[in-house]
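Enquirer: Quick note: the first sequence uses this note's numbering, first residue 7, plus one each step. C-beta: ideal position from N, C-alpha, C; glycine also. A quick note: this is a predicted structure, and the numbers were derived from the prediction, not measured.
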Amino acid sequence: MPIRFFNTYSRELEEFEPRDPAARPIFMYTCGPTVYSRAHIGNFRAYIFEDLLQRQLELRGYNVHRVMNITDVDDKTIRGARESGVPLQKFTEQFKQAFFEDTDTLRIKRANEYPAATDQRYIDRMIEMIATLISKGFAYLADDKSVYFRINKFPDYGKLAHFDLTQLQSTGRVKHDEYDKEHIGDFALWKGWDEEDGAVKWDSPWGPGRPGWHIECSAMATALLGDQIDIHCGGVDNIFPHHEAEIAQSEGVTGKKFVRYWLHCAHLLVDGQKMAKSLGNFYTVPNVLAKGYTGRELRYALLRVHYRVPLNFTWEGMNEARESLGRVDEWLGRLRQIAEKENVQHPTLINREQAPNARQPIKPGFENALDDDLNISGALGFLFETIRETNRAMDENKLDAASASACLDWWKRINTVLDLEAEVEIIVPPELEQLAKDREKARREKNWKRSDDLREQIFALGWEVRDTKDGPKLTRRASSG
RNA sequence: GGCGGGGUAGCCAAGUGGUAAGGUCGCGGUCUGCAAAACCGCUAUUCGCGGGUUCGAUUCCCGCCCCCGCCUCCA
Numbered sequence: 007m008p009i010r011f012f013n014t015y016s017r018e019l020e021e022f023e024p025r026d027p028a029a030r031p032i033f034m035y036t037c038g039p040t041v042y043s044r045a046h047i048g049n050f051r052a053y054i055f056e057d058l059l060q061r062q063l064e065l066r067g068y069n070v071h072r073v074m075n076i077t078d079v080d081d082k083t084i085r086g087a088r089e090s091g092v093p094l095q096k097f098t099e100q101f102k103q104a105f106f107e108d109t110d111t112l113r114i115k116r117a118n119e120y121p122a123a124t125d126q127r128y129i130d131r132m133i134e135m136i137a138t139l140i141s142k143g144f145a146y147l148a149d150d151k152s153v154y155f156r157i158n159k160f161p162d163y164g165k166l167a168h169f170d171l172t173q174l175q176s177t178g179r180v181k182h183d184e185y186d187k188e189h190i191g192d193f194a195l196w197k198g199w200d201e202e203d204g205a206v207k208w209d210s211p212w213g214p215g216r217p218g219w220h221i222e223c224s225a226m227a228t229a230l231l232g233d234q235i236d237i238h239c240g241g242v243d244n245i246f247p248h249h250e251a252e253i254a255q256s257e258g259v260t261g262k263k264f265v266r267y268w269l270h271c272a273h274l275l276v277d278g279q280k281m282a283k284s285l286g287n288f289y290t291v292p293n294v295l296a297k298g299y300t301g302r303e304l305r306y307a308l309l310r311v312h313y314r315v316p317l318n319f320t321w322e323g324m325n326e327a328r329e330s331l332g333r334v335d336e337w338l339g340r341l342r343q344i345a346e347k348e349n350v351q352h353p354t355l356i357n358r359e360q361a362p363n364a365r366q367p368i369k370p371g372f373e374n375a376l377d378d379d380l381n382i383s384g385a386l387g388f389l390f391e392t393i394r395e396t397n398r399a400m401d402e403n404k405l406d407a408a409s410a411s412a413c414l415d416w417w418k419r420i421n422t423v424l425d426l427e428a429e430v431e432i433i434v435p436p437e438l439e440q441l442a443k444d445r446e447k448a449r450r451e452k453n454w455k456r457s458d459d460l461r462e463q464i465f466a467l468g469w470e471v472r473d474t475k476d477g478p479k480l481t482r483r484a485s486s487g
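1. Our contact map puts valine 423 next to glutamine 126 with C-beta atoms below 8 Å; I'd like the distance itself, whole angstroms only.
2. I want to know whether the segment 268-276 touches the segment 206-215 - three or more CB-CB distances under 8 Å.
3. Once the 5 residues before and after proline 478 are set aside, which same chain residues still bring their CB inside 6 Å of it?
4. Could you give the DSSP three-state label for alanine 488: helix, strand or coil?
5. Can you give me the C-alpha to C-alpha distance between glycine 278 and glutamate 134, rounded to a whole angstrom?
6. From what residue to what residue does the beta strand (DSSP E) around leucine 19 run?
7. In whole angstroms, what separates the C-alpha of asparagine 13 from that of aspartate 236?
8. To the nearest angstrom, how far is it from the Cα of glycine 487 to the Cα of proline 121?
9. Report, in whole angstroms, the separation of the C-beta atoms of glycine 164 and glutamate 250, which I expect to be a contact under 8 Å.
10. Would you mind stating whether glutamate 303 and leucine 331 have Cβ atoms separated by less than 8 Å?
11. By DSSP, does alanine 194 sit in helix, in strand, or in coil?
12. Taking the beta carbon of isoleucine 382 as the centre, do at least 16 other beta carbons fall within 10 Å, making it buried, or is it exposed?
13. Counting only runs that start and end within the segment 90-144, where is the alpha helix (DSSP H) found for 4 or more residues in a row?
14. For lysine 452, count the other beta carbons within 10 Å of its own beta carbon; 16 or more makes it buried, fewer makes it exposed. Which is it?
15. For valine 73 versus glutamate 119, is the C-beta spacing smaller than 8 Å?
16. Would you mind sorting lysine 181 into buried or exposed? The rule is 16 or more other CB atoms within 10 Å of its CB.
17. Using the beta-carbon count (16 or more within 10 Å), is glycine 168 buried or exposed?
18. With a CB to CB cut of under 7 Å and the five nearest residues on each side skipped, what residues in its chain are close to arginine 44?
19. Where does histidine 312 fall in DSSP's three states?
20. List the endpoints of the continuous beta strand (DSSP E) containing glutamate 439.
21. Using the beta-carbon count (16 or more within 10 Å), is leucine 112 buried or exposed?
22. Any chance you could list the alpha helix (DSSP H) runs of at least 4 consecutive residues sitting entirely within the segment 234-280, in chain order?
23. Can you name the start and end residues of the alpha helix (DSSP H) that valine 423 belongs to?
24. Buried or exposed: glycine 48, going by 16 or more other Cβ atoms within 10 Å of its Cβ?
25. Three or more C-beta pairs under 8 Å: does that hold for the segment 31-41 against the segment 57-71?
26. May I have the straight-line CA-CA distance separating proline 247 from tryptophan 219, to the nearest angstrom?
27. Check this for me: beta carbons of leucine 139 and leucine 195, under 8 Å apart or not?
28. Excluding the 5 residues preceding and the 5 following leucine 317 in the sequence, name in chain order all residues of the same chain whose CB lies nearer than 6 Å to its CB.
29. Exposed or buried, which one is isoleucine 432 when buried takes at least 16 other CB atoms within 10 Å?
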């Protein structure tokens with residue numbers, strides 16, 4: 007079954023074929039954060055989608071080389087630094103750190119490289135590209151000492167977003183007083199220094215200034231991955247103008263097709279509206295953790311809906327994530343118990359659709375679903391069906407140790423994509439251990455009143471006791487985080 | 001106005017030209033001292049609305065309605 011992705015460029019599902027079908031390494035560029043404040047969970051939805059994409063490709067044997075840029079100079083970072091009275095570098099550093107913390111909390115795989123826009127190496131490359139664009143007539147130096155891309159010179163401009171440039175209509179968000187530009191759609195490659203920029207400036211053939219936003223991605227992508235890359239991702243709001251501009255700049259310089267597959271992630275919504283800093287309706291990862299949820303619960307909540315469908319973030323959704331993961335945890339716990347000790351009286355092999363056993367591997371329903379444009383709902387549906395089938399087999403005492411091991415191996419494999427396993431076994435504090443012992447004693451004496459009181463005490467401490475045939479079992483209460 | 005995405009059970013959400021996965025919630029049952037977990041059963045004659053094509057459409061076509069986003073800050 008081929009891997010298929012919805013390519014924004016063609017607006018069609020396309021079979022995935024890397025640049026070099028013989029070689030397995032593939033190049034992926036993902037737009038990263040602008041570090042002017044802490045990224046919100048809407049931003050992280052996109053990063054989690056990219057993480058899923060990378061992991062699925064790796065499961066299928068590709069060696070993914072991924073680059074994510076860090077935008078550490080733009081209007082907002084400069085303004086933020088000025089208002090805090092610290093140098094730009096110092097201002098952005100804290101948000102870079104926060105970004106990596108949150109990335110780890112959400113178990114997002116680190117990219118191979120995180121180039122920063124202010125790195126002199128890339129500034130040099132941007133200047134070089136801009137010079138090339140000017141020499142080819144794709145760009146011009148305007149009276150305001152800024153360099154602009156001349157979109158009329160690039161016939162494909164607008165193709166990605168399917169925009170007809172003659173019909174571009176302003177939403178009023180744009181300043182109209184930029185008479186220096188030849189066309190209202192021309193975008194800045196180099197922004198000439200002005201007073202508001204303070205100490206933030208680099209020398210260039212066009213005078214002091216700083217790079218435009220779009221050129222940094224073109225420069226870093228081509229510098230690190232070459233003229234042509236396999237996959238480029240981002241949120242849908244990057245389609246226009248950002249990615250459109252990247253195509254124009256990169257192809258203007260190289261003359262080669264820049265990106266083979268453009269994949270874009272739909273927005274995270276709050277109360278049916280886009281989560282955005284400008285709207286003030288956003289949550290950060292620490293906000294969610296402060297509510298008692300874990301990183302993996304948030305990961306699940308953001309992961310479980312297909313990337314091209316808008317996802318409404320709710321606390322109810324967080325609870326659903328918690329409950330669903332609890333189901334997975336219970337299942338794994340039971341499987342491990344059986345795998346560790348052969349305790350089956352009638353090791354009859356079952357032969358249900360998805361109930362696995364040592365001789366009959368689980369069908370590839372999970373990875374096949376993901377091959378189909380990352381159909382995560384289909385994949386998770388398959389996982390939960392498998393869980394029910396194996397639970398049933400375990401209830402009936404029909405799953406032998408070898409089969410349980412086979413299940414665990416399967417989980418290990420799909421969990422390289424999901425990365426949703428609970429943290430290592432939590433150690434039960436001695437006081438809780440003692441309470442459980444006391445309760446068990448009371449139960450043996452059929453002192454139900456005392457037994458129930460102790461259970462409530464345990465509950466109040468954030469734990470839960472469960473009476474199994476192997477004795478009482480203590481687990482941490484889900485709602486206690 | 002242009003260009004996209006979406007409208008499937010209380011909520012979240014797959015899916016197929018042949019009669020609706022899965023998760024969550026709720027109810028009933030098995031198990032349990034009672035619970036919990038697990039399992040079993042129930043919960044959409046129906047997939048935004050109206051037409052059309054078809055033996056048959058949620059799925060294809062046409063029209064309409066609603067929600068969200070993009071149209072030079074945005075994941």
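Expert: Let me spell this out:
1. Contact between valine 423 and glutamine 126 is absent: CB atoms are separated by about 38 Å, not below the 8 Å threshold.
2. By the Cβ test, the segment 268-276 is not in contact with the segment 206-215, since fewer than three Cβ pairs between them sit closer than 8 Å.
3. Taken in chain order, the residues that qualify are Ala442, Glu446, Val471.
4. A query on residue 488 cannot be resolved here, the shown segment of the chain reaching from 7 to 487 and no further.
5. Whole-angstrom Cα-Cα distance: 44 Å.
6. For leucine 19, the enclosing beta strand (DSSP E) stretches over residues 18-21.
7. Between the C-alpha atoms of asparagine 13 and aspartate 236 there is a straight-line separation of about 11 Å.
8. Caution is warranted here: a pLDDT of 40 is assigned to glycine 487, below 50, making its placement in the model unreliable, and no coordinate value can be reported.
9. That belief holds up - the Cβ atoms of glycine 164 and glutamate 250 are roughly 7 Å apart, short of 8 Å.
10. With a cutoff of 8 Å on beta-carbon distance, glutamate 303 and leucine 331 are scored as near each other.
11. Here alanine 194 sits in strand by DSSP.
12. Classification for isoleucine 382: buried.
13. Listed in chain order, the alpha helix (DSSP H) runs fully inside the segment 90-144 are 94-111, 126-141, counting runs of at least 4 residues.
14. It is exposed - the Cβ of lysine 452 has fewer than 16 other Cβ atoms within 10 Å.
15. For valine 73 and glutamate 119, yes; Cβs fall inside 8 Å.
16. Caution is warranted here: a pLDDT of 48 is assigned to lysine 181, below 50, making its placement in the model unreliable, and the coordinate value is therefore given only provisionally. By the beta-carbon neighbour count (other beta carbons within 10 angstroms, threshold 16), lysine 181 is exposed.
17. Here residue 168 turns out to be histidine, not glycine, going by the sequence shown. With fewer than 16 Cβ atoms within 10 Å of its Cβ, histidine 168 is classed as exposed.
18. In its chain, beyond the 5 residues on either side, Phe101, Ala104, Thr290 have a beta carbon closer than 7 Å to the beta carbon of arginine 44.
19. Histidine 312 falls in the coil class under three-state DSSP.
20. In this chain, glutamate 439 is not harboured by any beta strand (DSSP E); it is covered by the alpha helix (DSSP H) spanning 436-450.
21. Buried, because 16 or more other Cβ atoms sit within 10 Å of the Cβ of leucine 112.
22. The segment 234-280 contains these whole alpha helix (DSSP H) runs: 250-260.
23. DSSP places valine 423 in the uninterrupted alpha helix (DSSP H) bounded by 407-424.
24. With 16 or more Cβ atoms within 10 Å of its Cβ, glycine 48 is classed as buried.
25. The segment 31-41 is in contact with the segment 57-71.
26. Answer to the nearest angstrom: the Cα atoms are 10 Å apart.
27. Leucine 139 is a Cβ neighbour of leucine 195, given a cutoff of 8 Å.
28. Cβ contact annotation for leucine 317 (same chain, cutoff 6 Å, sequence separation greater than five): Leu274, Val311, in chain order.
29. By the 16-neighbour rule on beta-carbons within 10 angstroms, isoleucine 432 is exposed.
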